[in-house]
Amino acid sequence: DMLRDCAIDFGKGWVNHLPLVEFSYNNSYHASIKAAPFEALYGRKCHSPVCWTEVGEAQILGQELIHETTEKIVQIKQRMQAARDRQKSYADLKRKPMEFQVGDKVMLKVSP
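Take any residue in the sequence shown, count from 1 to its spot, add 53: that is its number in our numbering.
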């Protein structure tokens, strides 16, 4: 869904935005690991484009580029959230609540 949304949003230039999609994905919270993948892997939060302006004299990127990149990352994160919401809605359609009665025998999975 993320790649499809990226292709829809950015048209033929979608491939140029893949690094931003990867950045957004790696810095978005994942419920399965209870952290962002970057943070889980490196033990710290990744510096976002907002921090790129703090390099002072060594500043390589212009303010306009930073602003555009930040806007694209926000847009990609919104699309990722929309994709997650769609996937959850689809999964919820198939999900059926399980009901148990006192005395019912159940199987317990004890290993991952």
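Ideal placement from N, C-alpha and C gives every residue a C-beta, glycine not left out.
- Boundaries of the alpha helix (DSSP H) harbouring Met-133: 116-147, taken from the DSSP string.
- If you look at Tyr-82, you'll find it isn't in any alpha helix (DSSP H); DSSP assigns it neither H nor E.
- The beta carbon of Phe-76 sits closer than 7 Å to the beta carbons of Ile-126 from its chain, once the five residues preceding and following it are set aside; these are given in chain order.
- For Leu-94, the enclosing alpha helix (DSSP H) covers residues 90-95.
- Under the three-state reduction of DSSP, Phe-76 is assigned to helix.
- Pairing Leu-118 with Tyr-143, the inter-Cα distance amounts to about 37 Å.
- Distance from the CA of Leu-73 to the CA of Lys-158, rounded to the nearest whole angstrom, comes to 49 Å.
- Straight through space, the alpha carbons of Lys-141 and Pro-150 are spaced by roughly 15 Å.
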